[in-house]
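So the sequence lines, in the order shown, correspond to chains X and P.
All the letters of the first sequence, read from the start, carry residue numbers 845 to 1048 under my numbering.
All the letters of the second sequence, read from the start, carry residue numbers 845 to 1048 under my numbering.
The beta carbon of each residue, even a glycine, is placed where N, CA and C say it ideally should be.
Fair warning: this is a prediction, and the values are worked out from it, not measured in the lab.
Number of protein chains: 2
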Amino acid sequence: MSRPSFREKVQQAREEAVVDAVERLLADKGFDAMTMDAVVAEVGISKASLYRHFTSKEELAAAAMARALERALAETARLAALPGPAISRLEGLARWAYQQQIDGRMPALPAQSSSLRDALAGDTAYTDSLVQLSTTLGQWIADAQHEDAIDAALPSDLVLYTLFARACDPVLGVMRAAGTHSDAQVVDWLVRGWLRSVAPQSTP
Amino acid sequence: MSRPSFREKVQQAREEAVVDAVERLLADKGFDAMTMDAVVAEVGISKASLYRHFTSKEELAAAAMARALERALAETARLAALPGPAISRLEGLARWAYQQQIDGRMPALPAQSSSLRDALAGDTAYTDSLVQLSTTLGQWIADAQHEDAIDAALPSDLVLYTLFARACDPVLGVMRAAGTHSDAQVVDWLVRGWLRSVAPQSTP
DNA sequence: GTCTATAAAGCGATAGAC
DNA sequence: GTCTATCGCTTTATAGAC
């Protein structure tokens, strides 16, 4: 049991190095523009070795997405321990998502791609994390609605999807390219904008 | 002058048929997944003929985007003639953008693609329309800020980009796929959400 | 100007030696 | 298990006949 663990650890370390590179490339170029040659060039292994560990490009993307979801779950666990109402936890996660985008750690997958969707659906690490994250956030959203911090007339799944959409909000990139305001200022505007978009109707 | 106009009209009609097909394919599959074979199959011409009229795939995408911007400009002209404050015109355009998405008339281009960006920048029909649209909407946004319908603390270009982003809001597609609510209801929630996201701070 | 046929290149995936 | 070398397919783009 302890004999093969060394080799297994080496394998796991290499696979993690691969997923690291894939995460960067997916965030930088997107799935279609990312080539397997670029992956092996960044990791420093051969293509045949890469295919020993991951049987397809889609599987690589699924592994990167699974890891991103794991990070999101870790952040929700951290936020859950903080005091304050549910809406402040949701705000914290939105802010975290924008920061991930700035740090180049947000994989960019195409919305329409059947082969990719199949690979994602078949990756239990991905689907399990997604379900768990959705469940937790759905609870936070329901709590915030009961606390009257989110419009109770909005379906909770719509609120959840708008929050997920903040993770790939193109406005951040455009504003950063313009360079007229600090990252922190732009993120603040966008996070507050999301909060207002789901806030209860003001009754003047 | 009138002699070659017949042939020119035939040419133009064919080019319009091509751009029609490209618009549908771009909205359905996106730029990367759209192949030139699919374009010629839909139009019913050969690939060589297609390349007589459009020298590259990027140029086709630019033509489709230019036409989409022309439609947006036509809608702004229609909205400009309506009575009411500037914010109601902005709301109307946001609603129109979502409807375009539903109708499959919103080209989906990748955010990161150097060759595509160059082709777009070199297409005057595209850039001119984009500048004109941005100028008009920038004025509307400034008006709405003066009317205290949009938060005056927000930079007008940020507001403009968030409005553009509504044209490719992924939440609409996800909600439509869920099928639990009518298109009109979902669009209404999303449009009102955008309005609230840029509304002035409520001062309770 | 439009067609058929094909070139040219990029990329995902694999064979076989070591 | 990793490498080099290559296959096989897709796709963009073009040559040359009509």
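* **C-beta contact flag for residue 877 of chain X and residue 956 of chain P at 8 Å** => Residue 956 of chain P is positioned such that its CB atom lies closer than 8 Å to that of residue 877 of chain X.
* residue 931 of chain P to residue 979 of chain P span [Cα, whole Å] -> Looking at the two C-alpha atoms, the distance is approximately 16 Å.
* Just confirm the distance between the C-beta atoms of residue 954 of chain X and residue 867 of chain X, as a whole number of angstroms; I'd bet it's less than 8 Å. => Between residue 954 of chain X and residue 867 of chain X the beta-carbon gap is near 16 Å, outside 8 Å, which marks them as no contact.
* What whole-angstrom Cβ distance do residue 905 of chain X and residue 977 of chain X have, given they're in contact under 8 Å? -> Contact flag wrong, Cβ pair sits at about 18 Å.
* **Contacts of residue 1040 of chain X in chain P (Cβ-Cβ under 7 Å)** => Close partners of residue 1040 of chain X in chain P (Cβ separation under 7 Å): 1040, 1041 and 1043.
* Asked: Do residue 849 of chain X and residue 914 of chain X have their C-beta atoms within less than 8 Å of each other?
  -> Taking a C-beta distance under 8 Å as the contact criterion, residue 849 of chain X and residue 914 of chain X do not qualify as a contact pair.
* Does any C-beta atom of chain X lie closer than 8 Å to the C-beta of residue 901 of chain P? -> Contact of residue 901 of chain P with chain X is not assigned, every C-beta pair being separated by 8 Å or more.
* To do: Taking residue 1005 of chain P as the query, report the chain X residues whose CB atoms sit under 7 Å from its CB, ordered along the chain.
  => 1015, 1018 and 1019, listed in chain order.
* **Residues, ordered as in the chain, of the segment 866-886 of chain X that lie near chain P by beta-carbon distance below 8 Å** => Contacts with chain P (Cβ-Cβ distance below 8 Å) from the segment 866-886 of chain X involve 872, 873, 874, 876 and 877, listed in chain order.
* Under 8 Å (Cβ pairs) to chain P, residues found in the segment 974-992 of chain X -> So nothing in the stretch comes that close.
* Asked: Closer than 8 Å, CB to CB, is residue 1046 of chain P near chain X or not?
  -> Chain X contact via Cβ: present.
* Asked: Based on Cα-Cα distance, which residue from X:911, X:923 and X:1039 lies nearest to residue 968 of chain X?
  -> Of the candidates X:911, X:923 and X:1039, the one whose C-alpha sits nearest the C-alpha of residue 968 of chain X is X:911.
* Closest Cβ-Cβ distance between residue 1023 of chain X and chain P: below 8 Å? -> So, not an interface residue.
* **Nearest-angstrom beta carbon gap, residue 982 of chain P and residue 1004 of chain P [assumed within contact, 8 Å]** => Confirmed, Cβ separation roughly 6 Å.
* Taking residue 998 of chain X as the query, report the chain P residues whose CB atoms sit under 7 Å from its CB, ordered along the chain. => Going along chain P in sequence order, the residues near residue 998 of chain X (Cβ under 7 Å) are 1033.
* To do: Evaluate the contact criterion for the segment 940-950 of chain P versus the segment 880-890 of chain P: three or more CB pairs, one atom per stretch, below 8 Å.
  => Because the criterion of three Cβ pairs below 8 Å is not met, the segment 940-950 of chain P and the segment 880-890 of chain P do not touch.
* Is any beta-carbon of chain X found at less than 8 Å from that of residue 1002 of chain P? -> Interface criterion met: the Cβ of residue 1002 of chain P is under 8 Å from a Cβ in chain X.
* Contacts of residue 944 of chain X in chain P (Cβ-Cβ under 7 Å) -> Correct list: empty, because the minimum Cβ distance to chain P is about 16 Å.
* Asked: Per the contact definition of three or more C-beta pairs closer than 8 Å, is the segment 886-901 of chain X in contact with the segment 994-1003 of chain X?
  -> Touching, no, given that fewer than three Cβ pairs across the two stretches are closer than 8 Å.
* Assuming residue 1001 of chain P contacts residue 1044 of chain P (C-beta within less than 8 Å), just tell me the rounded distance between them. => Contact doesn't hold; Cβ gap of about 18 Å is too wide.
* Asked: Helix, strand or coil: how does DSSP classify residue 943 of chain P here?
  -> Secondary structure at residue 943 of chain P: helix, using DSSP grouped into helix, strand and coil.
* Asked: For residue 909 of chain X, which residues from the same chain have a beta carbon less than 6 Å from its beta carbon, with the 5 sequence-adjacent residues on both sides left out?
  -> Taken in chain order, the residues that qualify are 951 and 970.
* Asked: Using DSSP with H/G/I as helix, E/B as strand and the rest coil, what is residue 909 of chain X?
  -> Residue state, collapsed to three classes: helix.
* Proximity of residue 1009 of chain P and residue 1015 of chain X at Cβ, strictly below 8 Å -> Contact flag set, yes.
* Asked: Around the C-beta of residue 856 of chain X, are 16 or more other C-beta atoms found within 10 angstroms, so that it is buried, or is it exposed?
  -> Burial is judged here by how many other beta carbons sit within 10 angstroms of a residue's own beta carbon; residue 856 of chain X has fewer than 16 and is exposed.
* To do: Mind listing the chain X neighbours of residue 928 of chain P? Cutoff is C-beta to C-beta under 8 Å, in chain order.
  => Result: empty, since nearest Cβ-Cβ is about 19 Å, beyond 8 Å.
* To do: Give every residue of the same chain whose Cβ lies closer than 6 Å to the Cβ of residue 886 of chain X, excluding the five residues on either side of it in the sequence, and list them in chain order.
  => Non-local beta-carbon contacts of residue 886 of chain X in its own chain, meaning distances under 6 Å to residues more than five positions away in sequence, involve 865 in chain order.
* Of the listed residues X:907, X:894, X:861 and X:859, nearest to residue 875 of chain X (C-alpha basis) -> Closest by alpha carbon: X:907.
* C-beta neighbour in chain X for residue 956 of chain P, strict 8 Å -> Residue 956 of chain P counts as touching chain X.
* To do: With a threshold of 16 other CB atoms inside 10 Å of the CB of residue 862 of chain X, please say whether the residue is buried or exposed.
  => Of the other Cβ atoms in all chains shown, 16 or more fall within 10 Å of the Cβ of residue 862 of chain X; this residue is therefore buried.
* **is_contact[residue 965 of chain X, chain P] using C-beta, thresh 8 Å** => By this cut-off, residue 965 of chain X is not an interface position.
* Within 8 Å, strictly: CB atoms of residue 1034 of chain X and residue 934 of chain X -> Contact: no.
* Asked: How big is the Cα-Cα spacing for residue 918 of chain X and residue 925 of chain X?
  -> Approximately 11 Å between the Cα atoms of the pair.
* **Straight-line Cα distance separating residue 1011 of chain P from residue 851 of chain P** => Spanning the two alpha carbons is a distance of roughly 36 Å.
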